[in-house]
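Residue numbers (the numbering used here), protein chains in the order written: chain B, 1 to 333; chain S, 334 to 666.
Notes for the one structure printed next.
2 protein chains.
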Amino acid sequence: MTGRQPTLDEVAERAGVSRGTVSRVLNNRQHVSAKARRAVEQAIDDLGYVPSVAARSLASARRGAVVLAISSDDPALFANQFFAQVIAGVNTVMEDTDLHLMLILAATERGRERLERVLQSRGADGVMLLALRENDPLVKVAEAGKVPVVYGGQPLERAPRFYVDADNRGGARSAVEYLISTGREHIATITGPQDQQVGVARYLGYREALALAGLDARRVAHGDFSQESGARAMTELLDRHGDLDAVFVASDAMAAGALEALSAAGRTVPDDVAVVGFNDIVTAQHTTPTLTTVRQPIEALGREMTRMLLRAINEDTPTPLILPTELVLRDSA
Amino acid sequence: MTGRQPTLDEVAERAGVSRGTVSRVLNNRQHVSAKARRAVEQAIDDLGYVPSVAARSLASARRGAVVLAISSDDPALFANQFFAQVIAGVNTVMEDTDLHLMLILAATERGRERLERVLQSRGADGVMLLALRENDPLVKVAEAGKVPVVYGGQPLERAPRFYVDADNRGGARSAVEYLISTGREHIATITGPQDQQVGVARYLGYREALALAGLDARRVAHGDFSQESGARAMTELLDRHGDLDAVFVASDAMAAGALEALSAAGRTVPDDVAVVGFNDIVTAQHTTPTLTTVRQPIEALGREMTRMLLRAINEDTPTPLILPTELVLRDSA
DNA sequence: GTGAAAGCGCTAACAC
DNA sequence: GTGTTAGCGCTTTCAC
Numbered sequence: 001m002t003g004r005q006p007t008l009d010e011v012a013e014r015a016g017v018s019r020g021t022v023s024r025v026l027n028n029r030q031h032v033s034a035k036a037r038r039a040v041e042q043a044i045d046d047l048g049y050v051p052s053v054a055a056r057s058l059a060s061a062r063r064g065a066v067v068l069a070i071s072s073d074d075p076a077l078f079a080n081q082f083f084a085q086v087i088a089g090v091n092t093v094m095e096d097t098d099l100h101l102m103l104i105l106a107a108t109e110r111g112r113e114r115l116e117r118v119l120q121s122r123g124a125d126g127v128m129l130l131a132l133r134e135n136d137p138l139v140k141v142a143e144a145g146k147v148p149v150v151y152g153g154q155p156l157e158r159a160p161r162f163y164v165d166a167d168n169r170g171g172a173r174s175a176v177e178y179l180i181s182t183g184r185e186h187i188a189t190i191t192g193p194q195d196q197q198v199g200v201a202r203y204l205g206y207r208e209a210l211a212l213a214g215l216d217a218r219r220v221a222h223g224d225f226s227q228e229s230g231a232r233a234m235t236e237l238l239d240r241h242g243d244l245d246a247v248f249v250a251s252d253a254m255a256a257g258a259l260e261a262l263s264a265a266g267r268t269v270p271d272d273v274a275v276v277g278f279n280d281i282v283t284a285q286h287t288t289p290t291l292t293t294v295r296q297p298i299e300a301l302g303r304e305m306t307r308m309l310l311r312a313i314n315e316d317t318p319t320p321l322i323l324p325t326e327l328v329l330r331d332s333a
Numbered sequence: 334m335t336g337r338q339p340t341l342d343e344v345a346e347r348a349g350v351s352r353g354t355v356s357r358v359l360n361n362r363q364h365v366s367a368k369a370r371r372a373v374e375q376a377i378d379d380l381g382y383v384p385s386v387a388a389r390s391l392a393s394a395r396r397g398a399v400v401l402a403i404s405s406d407d408p409a410l411f412a413n414q415f416f417a418q419v420i421a422g423v424n425t426v427m428e429d430t431d432l433h434l435m436l437i438l439a440a441t442e443r444g445r446e447r448l449e450r451v452l453q454s455r456g457a458d459g460v461m462l463l464a465l466r467e468n469d470p471l472v473k474v475a476e477a478g479k480v481p482v483v484y485g486g487q488p489l490e491r492a493p494r495f496y497v498d499a500d501n502r503g504g505a506r507s508a509v510e511y512l513i514s515t516g517r518e519h520i521a522t523i524t525g526p527q528d529q530q531v532g533v534a535r536y537l538g539y540r541e542a543l544a545l546a547g548l549d550a551r552r553v554a555h556g557d558f559s560q561e562s563g564a565r566a567m568t569e570l571l572d573r574h575g576d577l578d579a580v581f582v583a584s585d586a587m588a589a590g591a592l593e594a595l596s597a598a599g600r601t602v603p604d605d606v607a608v609v610g611f612n613d614i615v616t617a618q619h620t621t622p623t624l625t626t627v628r629q630p631i632e633a634l635g636r637e638m639t640r641m642l643l644r645a646i647n648e649d650t651p652t653p654l655i656l657p658t659e660l661v662l663r664d665s666a
């Protein structure tokens, strides 16, 4: 349309005020008379002025963007709805700000280098980290930058300053307690990776519930959160513990795999074996039978991570947040 | 660690050359002696220098980022693996560049405004658009910016200058031709939304195949790509066309829903009714029975969109690209 | 092949 | 409450 973007100077001239005043209006500071403010707003409208992000961030040392770094780029894992829901939550909060979202899939060495460069070049005002593994190099990279870091879930090593997590241990525990309350006594579990805090926490919840009830907590097989690994682990459990009458599975995807394996083994769910999953992904409503599961507020996780990061950026000091989970009863238990 | 980021000036001083020379090295231009180049690289290493993105983009009028705008923020849809796979593809190509990825979920008015602002403020060097609907306002917004726009899929209205698309019509046609070749004669379809080009194209392919075979193409129900809508549409089809012996479903998610509905109606798959889906998402391997489907190269779509955008940004003139699809035979047909 | 100078468009600090 | 002055850290001309 117009040949060139108008600059702040042109707005100032047209409004008949100084550059300083225009800048004040743009960043809605005080110390501007209503009259001047109106004149500036008018001029902005007339000219269709939009401030240059580049100039602004050079002058203000703020970048106008935060990065969400995900320690996975395996589409099969990345695709598991979880990330998409987190992103949707992040987006919701971001929409109310001037900040933008940069996405970095940082599973590879290359991705990590990129994150490093962004942070070193002050390319972002903050970082959110998701899906970390044990000793994830991402942690060092992120902490080496000079911007706040918010964790989704906790690294296994030590609790960071800022994080949002679901109550994984409590959720797992209540799932197993529910199984116990329905009279199950030989309760197995399929865990997530034990090099991720979330995997460990859910396993802990399982053991806690059984310990409290004085039941045996040694029917255990490990998976990696994928459907395939769930099927494999279930088969393994059936081999080793033919007597099991229930299984708590640390993710819905694995639970779906477990259902397949149970069906293949000729066990009916929930009559022979009760199954409880974790996450309440959309798929949980479409398995056969539908899946009883522990819902964690995934979108809320994204929202709260973002809120926390924004507060940290503004030099507020947010405190870690644990989001509650909820048992959703369907047909599998 | 260090108090402050080193600047280009400091690198120049340490290397004993001018700022101009350092800049030339950084942007690996010619006209730099091997000696000077080495000195500069050494200094960069010693100082741990990383150029400031902000300063660079202010001076060069290049932003160092491209945006991927998705016309959907419904997590249920956004989560449907498709987007995640595209993003993974985009990421792959992006890793080889200095560009970064900004993600904007732009289904809401608010999101659209944000995209508009980014583009107007020259906040990005290019845009990729995904999942457009009929008369999607995103198109106007994106085209109004002064940066190249690459479409994933085509808008319904008119073919844009730059786009990457899967061969939806051809894929649908080959799916239906396969059904015909296995002796099916009463072939229905569950379409996607007819206000999206992809929905229309797949429906066209269905009709084309049947027309060529001289078969009736009027067993049609419409869905919105969601699993629920697939189940609903299947029920509808069974009501209206009790004689159907096959159904081509325009997405795997809908096909999963259709399988549920068929099972609920007591029809066996594939004996009573053969089912073919579209996309080959991970879930297709885990339905009962497993799903015969048309695979489209989703990650490749992301990769090629990105490559095309990069070329367009560099003032090359790429031509539209149609990616081939492939029929994947499993148990449902 | 290299150096010097002039901005890019904004914010911030200080004076009034 | 408002105007003025310096930069922010690069790239880019244009001489040499």
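Virtual Cβ for every residue (Gly too), placed ideally from N, Cα, C.
From a predicted model like this one, the values you see are computed outputs, not experimental measurements.
Cβ-Cβ separation, residue j to residue i (assumed contact under 8 Å), whole Å
i	j	result
residue 531 of chain S	residue 525 of chain S	6 Å
residue 590 of chain S	residue 567 of chain S	7 Å
residue 400 of chain S	residue 457 of chain S	5 Å
residue 416 of chain S	residue 403 of chain S	6 Å
residue 542 of chain S	residue 510 of chain S	5 Å
residue 651 of chain S	residue 495 of chain S	6 Å
residue 338 of chain S	residue 383 of chain S	7 Å
residue 325 of chain B	residue 167 of chain B	5 Å
residue 253 of chain B	residue 285 of chain B	About 14 Å; that fails the 8 Å criterion.
residue 306 of chain B	residue 328 of chain B	Contact doesn't hold; Cβ gap of about 25 Å is too wide.
residue 385 of chain S	residue 169 of chain B	That pair is no contact at about 43 Å.
residue 352 of chain S	residue 341 of chain S	6 Å
residue 47 of chain B	residue 14 of chain B	6 Å
Between the CA atoms of residue j and residue i - distance to the nearest angstrom
i	j	result
residue 634 of chain S	residue 656 of chain S	8 Å
residue 472 of chain S	residue 636 of chain S	21 Å
residue 2 of chain B	residue 362 of chain S	Note on residue 2 of chain B: pLDDT 44, under 50, position unreliable in the model; no value is reported.
residue 26 of chain B	residue 432 of chain S	28 Å
residue 283 of chain B	residue 240 of chain B	28 Å
residue 558 of chain S	residue 493 of chain S	24 Å
residue 10 of chain B	residue 38 of chain B	16 Å
residue 120 of chain B	residue 146 of chain B	8 Å
residue 418 of chain S	residue 491 of chain S	26 Å
residue 653 of chain S	residue 497 of chain S	6 Å
residue 576 of chain S	residue 548 of chain S	14 Å
residue 190 of chain B	residue 232 of chain B	10 Å
residue 603 of chain S	residue 127 of chain B	49 Å
residue 355 of chain S	residue 295 of chain B	55 Å
residue 533 of chain S	residue 489 of chain S	9 Å
residue 597 of chain S	residue 290 of chain B	14 Å
residue 376 of chain S	residue 387 of chain S	22 Å
residue 593 of chain S	residue 571 of chain S	13 Å
residue 148 of chain B	residue 449 of chain S	28 Å
Option in the options with minimal Cα separation from residue i
i	options	result
residue 203 of chain B	B/219, B/97, B/165	B/219
residue 368 of chain S	S/453, S/380, S/350, S/385	S/350
residue 435 of chain S	S/357, S/396, S/418, S/621	S/396
residue 620 of chain S	S/649, S/640, S/665	S/665
residue 212 of chain B	B/225, B/262, B/180, B/239	B/180
residue 521 of chain S	S/554, S/464, S/533	S/554
residue 447 of chain S	S/386, S/516, S/475, S/420	S/475
residue 487 of chain S	S/481, S/347, S/464	S/464
residue 255 of chain B	B/21, B/280, B/243	B/280
residue 420 of chain S	S/442, S/462, S/444, S/389	S/462
**Q.** Three or more C-beta pairs below 8 Å linking the region 227-247 of chain B and the region 272-280 of chain B
**A.** yes
Q: Count the C-beta pairs between the region 465-479 of chain S and the region 640-647 of chain S that are closer than 8 Å, then say yes if the count reaches three, no if not.
A: no
Q) Enumerated in chain order, which unbroken segments of the beta strand (DSSP E) with a length of 3 residues or greater are wholly contained in the region 245-333 of chain B? A) 246-249, 274-279, 292-295, 321-323, 326-328
(Q) Which complete beta strand (DSSP E) runs does the region 506-562 of chain S hold, if anything under 3 residues is left out? (A) 520-524, 553-555
Q.
Threshold first: 4 residues or longer. Then list the alpha helix (DSSP H) segments lying entirely within the region 431-458 of chain S, N to C.
A. 442-453
Q. Does the count of Cβ pairs from the region 84-91 of chain B and the region 165-176 of chain B closer than 8 Å reach three?
A. no
Q | Entirely enclosed alpha helix (DSSP H) segments - the region 352-420 of chain S, minimum 4 residues | A | 352-359, 367-380, 386-393, 408-411
Q: Quick one: which unbroken beta strand (DSSP E) runs of 3-plus residues sit fully inside the region 124-175 of chain B? Chain order, please.
A: 126-130, 149-152, 163-166
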